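Going by UniProt numbering, the first residue of the sequence shown is number 1, and it counts up by one from there. Note sheet for the following structure.
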Amino acid sequence: MEEEEEEHKIPQPGNRLEPSNPSGVAAPDQPPAPPIADAADAGAAAMAPFRRWADLPPDLLCRVGDRLDLKCYASARGACTAWRSALSPASPALLVLSDARMCPSAASLPTRRCFDLAAILTGGRCVGSSNGWLVLSIALYGGQSAFVLFNPITTTEIVLPPLIYESRWVSKVVFAPSPAKDDYAAAAICDIDRIAYVTAGARRWAVLDPVRLVTGDQLTDVVYHDKGKVYCLTRCGDVHLLRLPERRRRKPADEPGPSEQPPEAPVVPLPECAVAIRARRTQLHHNFRMVCYDHLGPRDQMMPMKLTVCSETLIPFNYRRFAIGPLEPDLNAPATVEPLLPEGNLPFDPATSFAPPYNTVSAFTNAKNIVLCEGNLYQIWRNASCTVTLQLPGGGHRRVSENEILVLRYYPRRQPCWDAVTDLGGYSVFVGRNNAVSMYAEGVHGLKGNCVYWIGGRGRDQGMVFDMETGRSTPCYPLVGGMPGPLQSTICWFFLSDIVNASNNSGGRRVYQTRSRSRAERAQDMEE
1 MEEEEEEHKI PQPGNRLEPS NPSGVAAPDQ PPAPPIADAA DAGAAAMAPF
51 RRWADLPPDL LCRVGDRLDL KCYASARGAC TAWRSALSPA SPALLVLSDA
101 RMCPSAASLP TRRCFDLAAI LTGGRCVGSS NGWLVLSIAL YGGQSAFVLF
151 NPITTTEIVL PPLIYESRWV SKVVFAPSPA KDDYAAAAIC DIDRIAYVTA
201 GARRWAVLDP VRLVTGDQLT DVVYHDKGKV YCLTRCGDVH LLRLPERRRR
251 KPADEPGPSE QPPEAPVVPL PECAVAIRAR RTQLHHNFRM VCYDHLGPRD
301 QMMPMKLTVC SETLIPFNYR RFAIGPLEPD LNAPATVEPL LPEGNLPFDP
351 ATSFAPPYNT VSAFTNAKNI VLCEGNLYQI WRNASCTVTL QLPGGGHRRV
401 SENEILVLRY YPRRQPCWDA VTDLGGYSVF VGRNNAVSMY AEGVHGLKGN
451 CVYWIGGRGR DQGMVFDMET GRSTPCYPLV GGMPGPLQST ICWFFLSDIV
501 NASNNSGGRR VYQTRSRSRA ERAQDMEE
């Protein structure tokens, strides 16, 4: 019986396995075990089998990551260098919306999987995206629009002041990174030649004077750059620079001072023009939001407006008022708009701004975007119509294929100052409704360098990739998320703030984290 118990004895964690030779004589092929000198050596020997969390096998770590949502997945990648190397980045991703569901998904290109996100407002139109945030435009009664900054990962919402302008259409909104309720700045294209902006503490958006454009031209794209710079691009290829006021935390206009007592809000019945917008979360949990826009009466010359956002209930709460009127200041600090080209090149002329034959091709590439990469300014042109053959002024022909993309770089000391390039130095750019992004893509799983990632194609919009080497566009995600079933609408490119190398950085980085964080992680690994 003692021999059977000896054979079936299971070693416990931290215990050393003793040899089964009862005589104490070492086996011929086995060296004698060294004696344990003291208790300290015994403790070290007991702890030897245990390994660090960073030493988990990469395949096991990837299987665990496949079960995590986007927030936890991003946190796991930030735990240590080893985990960050084992887990593919979640960004870039395509923000897609299924016809059968109201909750969007982030279809990650590197991981080839879909991450479910929080539901967006039904009826809300996405007009911008940056650093994990979306800008939703909600049409209100009277032709006005409400804009909400929404984080579909954390479900955080920031209701921006109303935009009071006769034009109901806002094509794109960009904003400063890391917005907060008391610290934000945003800019928008609100007409063919108008730029509007808003900062924290303002009563409403400030609409600037019309931008000086050539006849038949119009604004088509904006990109937020570092320190409040917004580059504005027109359909003809003209560029203007909007300088937003410096961001600073300010007390909202309707917030009472420390010695003032907040007035009691009168109970006003909801009018017929109230708009109820319901966001469907899941089948088990329903979240209701209500946006109410009511005029308190035509007798008031100031036409006060009340905007209420209700969450988790149908009862309005947290009333916020904005006194709107032509005589009331918007409380935005001044902003300026100036042309990118020097005054000697004004008015803008494609013939002198673009190198041939692109001065002629410019008129036939009606889809244009602007992006910054490694501190350089680029224009992305695409022929969104059909294949055309152009006769050049100096003789010869130039064929522009359907969905052919041209990449032009800005050379401020040259004349003409815009000329085409054949590569991006290993970088790739992502353009669309999102704030244009550039990132180093060489060696990133699922991506390719020197490419333009865009959204479009025949029929429904889909994610496309244009290879600058081959000159051809192909779907970058043939079946989004690998999910068969109902059709899906592609909204924009979606990036997380902790791994994005966006165009609001003056210099690019070839890693998915800041240099300071990388040095700190390397130092921690060396200490361990």
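Note that CB positions come from ideal geometry on N, CA and C, so glycine has one too. A quick note: this is a predicted structure, and the numbers were derived from the prediction, not measured.
Other residues of its chain near residue i: CB distance less than 6 Å, five sequence neighbours each side excluded
| i | result |
| --- | --- |
| Ala-384 | Asn-366 and Ala-367 |
| Pro-58 | Ala-86 |
| Leu-479 | At Leu-479 the pLDDT is 48, less than 50, meaning the model places this residue with poor confidence; the figure from the coordinates comes in the next sentence. Closer than 6 Å at the Cβ level, and outside the excluded window around Leu-479, lies no residue. |
| Ala-185 | Ala-176, Thr-199, Leu-244 and Arg-247 |
| Val-96 | Ser-105, Ala-107, Val-480, Gln-488 and Thr-490 |
| Gly-425 | none |
| Trp-205 | Leu-163, Ala-196 and Val-198 |
| Ala-54 | Cys-80 and Ala-82 |
| Tyr-224 | Val-174, Val-230, Asn-435 and Asn-504 |
| Ser-473 | Asn-403, Met-464 and Phe-466 |
| Gly-471 | none |
9 Å Cβ cutoff met for residue i and residue j
| i | j | result |
| --- | --- | --- |
| Cys-492 | Asn-403 | no |
| Ile-370 | Ile-405 | no |
| Tyr-431 | Asp-221 | Just to set this straight, residue 431 is Val in the shown sequence, not Tyr. Contact flag set, yes. |
| Cys-374 | Asp-423 | Checking the displayed sequence, the identity of residue 374 turns out to be Glu instead of Cys. No. Outside cutoff. |
| Leu-392 | Pro-357 | yes |
| Leu-134 | Cys-126 | yes |
| Ala-93 | Cys-103 | no |
| Gly-456 | Arg-382 | yes |
| residue 568 | Asn-151 | The question about residue 568 has no answer, for the chain in this structure spans 1 to 528. |
| Tyr-477 | Val-421 | no |
| Leu-70 | Phe-115 | yes |
| Lys-448 | Asp-461 | no |
| Cys-451 | Val-437 | no |
CA nearest to the CA of residue i, picked from the options
| i | options | result |
| --- | --- | --- |
| Arg-247 | Ala-176, Asp-191 and Leu-241 | Ala-176 |
| Leu-149 | Tyr-165, Glu-166, Ser-129 and Arg-77 | Ser-129 |
| Thr-490 | Arg-52, Cys-451, Ala-79 and Ser-98 | Ser-98 |
| Ile-153 | Cys-72, Ser-88 and Trp-205 | Cys-72 |
| Leu-390 | Leu-372, Ser-362, Tyr-410 and Arg-414 | Ser-362 |
| Arg-113 | Asp-66, Val-444 and Ser-137 | Asp-66 |
| Leu-121 | Ala-436, Ala-146 and Gly-394 | Ala-146 |
| Pro-329 | Val-207, Ser-178 and Asp-183 | Val-207 |
| Pro-161 | Lys-181, Tyr-378 and Arg-63 | Lys-181 |
| Val-170 | Val-465, Ile-189 and Arg-414 | Ile-189 |
| Pro-342 | Asn-359, Arg-414 and Thr-360 | Arg-414 |
| Pro-339 | Ser-137, Ile-138, Cys-232 and Ser-178 | Cys-232 |
| Glu-157 | Ala-139, Pro-179 and Leu-140 | Pro-179 |
Nearest-angstrom beta carbon gap, residue j and residue i [assumed within contact, 8 Å]
| i | j | result |
| --- | --- | --- |
| Thr-234 | Asp-217 | 5 Å |
| Ala-335 | Leu-241 | Rounded, the Cβ-Cβ distance is 11 Å, inconsistent with contact. |
| Cys-236 | Val-211 | With 8 Å as the limit, Cys-236 and Val-211 do not qualify as a contact, their Cβ atoms being about 12 Å apart. |
| Tyr-440 | Tyr-427 | 5 Å |
| Ser-91 | Phe-495 | 5 Å |
| Leu-219 | Asp-193 | 6 Å |
| Val-400 | Phe-348 | Incorrect: roughly 22 Å between the Cβ atoms, too far for contact. |
Residues near residue i in its chain [Cβ-Cβ closer than 8 Å; skip 5 each side]
| i | result |
| --- | --- |
| Glu-272 | Per-residue confidence for Glu-272 stands at a pLDDT of 37, beneath the threshold of 50, marking its modelled position as unreliable; no derived number is given. |
| Lys-229 | Leu-241, Leu-242, Arg-243 and Leu-244 |
| His-397 | Thr-389, Leu-390 and Gln-391 |
| Tyr-411 | Cys-417, Trp-418 and Asp-419 |
| Asp-172 | Position check: residue 172 holds Lys in this sequence, whereas Asp was assumed. Cβ neighbours of Lys-172 beyond the five flanking positions: Val-127, Gly-128, Ala-188, Ile-189, Asp-221, Val-222 and Arg-433. |
| Gly-394 | Pro-356 |
| Asn-376 | Arg-409 and Tyr-410 |
| Cys-386 | Glu-402 |
Same chain, Cβ closer than 7 Å to residue i, five either side skipped, listed in chain order
| i | result |
| --- | --- |
| Pro-416 | Thr-352, Ser-353, Phe-354 and Ala-355 |
| Leu-61 | Trp-83, Ala-86 and Leu-87 |
| Leu-331 | Gly-201, Ala-202, Arg-203 and Ala-253 |
| Leu-68 | Ala-76 |
| Pro-350 | Cys-236, Gly-237, Asn-359 and Ser-362 |
| Leu-346 | Pro-339 |
>> In chain order, what are the residue ranges of uninterrupted beta strand (DSSP E) at least 3 long that sit wholly in the segment 62–129?
In response: List check, beta strand (DSSP E) in window: 93–98, 105–108 and 113–116.
> Enumerated in chain order, which unbroken segments of the alpha helix (DSSP H) with a length of 4 residues or greater are wholly contained in the segment 129–182?
Replying inline: With a minimum length of 4 residues, no continuous alpha helix (DSSP H) run stays inside the segment 129–182.
> In the UniProt domain "KIB1-4 beta-propeller" (357–461), which residue ranges form an unbroken alpha helix (DSSP H) of at least 4 residues, counting only runs that do not cross its ends?
Replying inline: 358–361
> Whole alpha helix (DSSP H) runs in the segment 195–249 with 4 or more residues, listed along the chain?
Replying inline: none
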